[in-house]
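Chemist: Just dropping this structure here.
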Amino acid sequence: MSEARQRLRRICIAGAGQVGVIAALALRRALPDCEVVVLGLPGDPAAFADRAATALPTSNRLHDRLGVDEGLIVQKAAGSHRLVSRYFGWGEEGRSGAMPHGAQVDPKLRTRFASEWGGGERDGGKAAPGSLAEVLANAGRFAVPPGDRATPLDDIDYALRWNMQAYRDLLVGMAQQAGISYAQGQIAGLETDGAGGLAAIAVEGQGRIEAELFLDCSGPAARLLSALPGARRADWGAYLPVRRVLYGKPGQGMLALEDRFSLLPEGWLLEFAGVDGLQGSMGLGEGVAEDAALRALQAEPAEMVAVRPGAAAQAWVGNVVALGDAAATFEPLGHLNLDLAHRQLMLLLEMLPGAQIEPLERAEFNRRAALMAANVRDVLAMHYAAPRARAVFGEQPLPETLAHLLDQFTRRGRLPFREEGGLLNQEYTALLSALGFASGTTPQSLAQDPREADAARAAFEAQAQAALQFAPPYQQFMAQMLNPQPQGMAGDLQY
């Protein structure tokens with residue numbers, strides 16, 4: 135039997151935003167006898183993963199793994215739940231669609247039932263929804279299933295929202311309890327180890343921080359990774375046209391089970407329903423004047439942030455691993471920024487090295503992390519390939535992988551396999567439909583007996599009624615969790 139490698143004794147994480155703090159917590163949980171040091175650096179407004187106030191359902195699994203209590207996120211960090219993202223005007227003006235989280239849609243609902251009864255792009259909201267998540271969001275009813283018994287809501291997935299600063303504070307408290315060390319200061323210099331990695335970080339007024347593994351969570355500047363001779367960056371600018379994101383100040387808090395992405399002549403508008411305030415942000419097309427963007431935002435402006443989309447060709451170089459915007463930087467469209475950071479962190483936990491790093495495990499991490507990033511790039515580029523988006527943002531070249539996906543979907547009604555895809559096939563299908571891409575006809579749907587579609591519709595209606603009867607009004611559920619409900623919150627569950 136081979137001997138186990140010597141464990142890591144010290145890990146240094148550069149960057150104390152929410153990405154760096156949760157990474158520190160994860161590594162401390164995985165290696166209880168390893169010293170973990172977080173180096174706080176000045177924040178970057180373009181660190182979109184660090185400033186994100188939501189992610190996708192994958193992050194719920196990470197929270198469970200690390201012991202981050204969902205109830206505390208709701209109570210201490212203005213947490214709330216999202217079941218669907220709605221898309222307005224991407225296919226045709228005046229039309230909308232929805233992308234529910236999760237995979238609870240019956241396959242038959244994606245064939246004849248989907249085209250005849252619901253589940254696709256709709257005009258004025260008249261078509262019936264094709265997922266239980268959308269049924270509940272429309273009705274403003276939801277509760278997290280209790281977990282100790284079967285309920286009609288068990289298969290419904292959801293994402294969490296939060297106040298970013300309060301969420302980070304919650305993570306910092308957990309990190310302090312876990313014995314994670316913290317230092318703050320400017321990087322004065324980096325000492326290389328002669329093997330393509332780092333030996334130490336020199337910090338102004340703090341001395342040197344030595345470690346065997348370094349995590350770069352410093353934002354788009356990638357302060358550690360970019361200093362290494364083996365670091366390279368893939369530019370996504372040809373595929374992603376947004377170079378500016380305009381943020382608005384939060385408005386009145388509200389409870390809603392959906393967020394909205396609307397396509398306007400000036401760019402895309404995200405309306406994010408936070409308990410601590412309805413927040414708007416815009417990804418602007420080229421040449422859009424600032425005054426026109428401010429009018430379209432319909433909120434008091436907070437700041438304009440420049441975007442330089444791209445990703446590290448290799449997120450792990452030497453003994454430095456980049457996470458968050460240090461690994462991939464892109465606009466906050468689709469709630470993908472923090473989701474990618476969390477998924478790459480979970481990959482690192484899976485591939486966690488010993489004190490002596492094996493080149494093969496580093497290569498496998500880089501292969502899979504690059505696939506994760508490329509799939510995110512393709513989902514973003516998919517938005518800009520939507521029918522009306524091409525008129526707003528101009529014609530963009532498509533990554534080869536996305537061109538193949540769109541061809542297969544529109545001609546044959548199917549999706550090619552994607553390793554490390556991020557979204558489920560059901561979510562991809564719903565998103566494509568919401569963006570205005572028409573699905574091709576599959577042989578299975580042509581062969582389907584109409585009675586099967588009727589049976590699927592009846593079964594779905596029964597499931598929907600059971601879910602609606604079980605789920606309380608969302609405001610009532612949240613009031614029970616918050617106890618008492620915060621003052622000044624909008625009572626209307628709709629926008």
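Per the numbering used here, residue 135 is the first one in the sequence shown, and the count goes up by one each step. Think of the CB as a built atom: it goes at the ideal place given N, C-alpha and C, for glycine as much as any other residue.
Please classify D410 as buried or exposed, where buried requires at least 16 neighbouring CB atoms within 10 angstroms.
Modeler: With 16 or more other Cβ atoms inside 10 Å of its own Cβ, D410 counts as buried.
Chemist: Tell whether a beta-carbon distance below 8 Å holds between R139 and E344.
Modeler: no
Chemist: For a test of the three-state rule: what should DSSP assign to L566, helix, strand or coil?
Modeler: helix
Chemist: Assign G154 to one of three DSSP states: helix, strand, or coil.
Modeler: helix
Chemist: Excluding sequence positions up to five away, which residues of its chain have a Cβ less than 7 Å from the Cβ of A456?
Modeler: D350, A356, L359, A446, A449
Chemist: Contact between the segment 547-557 and the segment 494-507 is defined here as three or more beta-carbon pairs at a separation below 8 Å; is this criterion met?
Modeler: yes
Chemist: Which residue's Cα is closest to the Cα of L389: A157, M612, V153?
Modeler: M612
Chemist: May I have the straight-line CA-CA distance separating V153 from A587, to the nearest angstrom?
Modeler: 45 Å
Chemist: Buried or exposed: which applies to A596, given that a residue is buried once 16 or more other Cβ atoms fall within 10 Å of its Cβ?
Modeler: exposed
Chemist: Please name the residue in I147, G236, V202 whose C-alpha comes closest to that of L190.
Modeler: G236
Chemist: Looking only at its chain, what residues have a beta carbon closer than 8 Å to the beta carbon of C168, apart from the 5 residues adjacent to it on each side?
Modeler: Cβ neighbours of C168 beyond the five flanking positions: R141, L142, R143, R144, I145, L161, R162.
Chemist: Compare the C-beta of A309 against all C-beta atoms of chain C and say whether one is closer than 8 Å.
Modeler: Of the protein chains in the structure, only one exists, and it is not chain C.
Chemist: Just mark R302 as buried or exposed, buried being the case when its beta carbon has 16 or more other beta carbons within 10 Å.
Modeler: buried
Chemist: Where do the ends of the alpha helix (DSSP H) carrying Y518 lie?
Modeler: 493-518
Chemist: Nearest by alpha-carbon distance to E124: which of G371, L467, A284 is it?
Modeler: The structure shown has nothing for residue 124, since the chain only spans 135 to 629.
Chemist: In whole angstroms, what separates the C-alpha of V526 from that of P399?
Modeler: 6 Å
Chemist: Leaving aside the five residues before and after A489 along the sequence, list all residues of the same chain whose C-beta is less than 6 Å from its C-beta, in chain order.
Modeler: Q140, L142, E346
Chemist: Any idea if L494 is buried or exposed, counting beta-carbon neighbours within 10 angstroms, 16 or more meaning buried?
Modeler: exposed
Chemist: Cβ atoms of A157 and L486: under 8 Å apart, would you say?
Modeler: no
Chemist: What is the DSSP secondary structure of H235, counted as helix, strand or coil?
Modeler: coil
Chemist: With a cut-off of 8 Å, do at least 3 Cβ pairs link the segment 262-273 to the segment 222-236?
Modeler: The segment 262-273, when compared against the segment 222-236, does touch it at the 8 Å Cβ threshold.
Chemist: Within the same chain, show all residues whose beta-carbon is closer than 8 Å to that of G223, passing over the 5 residues directly before and after it, in chain order.
Modeler: R229, S230, S396, L397, L398, R522
Chemist: Have a look at V172 and R378 and give me their C-alpha separation to the nearest angstrom.
Modeler: 30 Å
Chemist: Specify, as a first and last residue, the run of the beta strand (DSSP E) that V306 falls within.
Modeler: From DSSP, V306 is part of no beta strand (DSSP E) but of the alpha helix (DSSP H) over 298-311.
Chemist: Is G382 helix, strand or coil when you go by DSSP?
Modeler: strand
Chemist: Within 10 angstroms of the Cβ of G341, are there 16 or more other Cβ atoms? Answer buried if so, exposed if not.
Modeler: exposed
Chemist: Identify every residue that forms a DSSP beta bridge with C146.
Modeler: V171, F348
Chemist: Examine the Cβ distances between the segment 275-286 and the segment 599-612 and report whether three or more of them are shorter than 8 Å.
Modeler: yes
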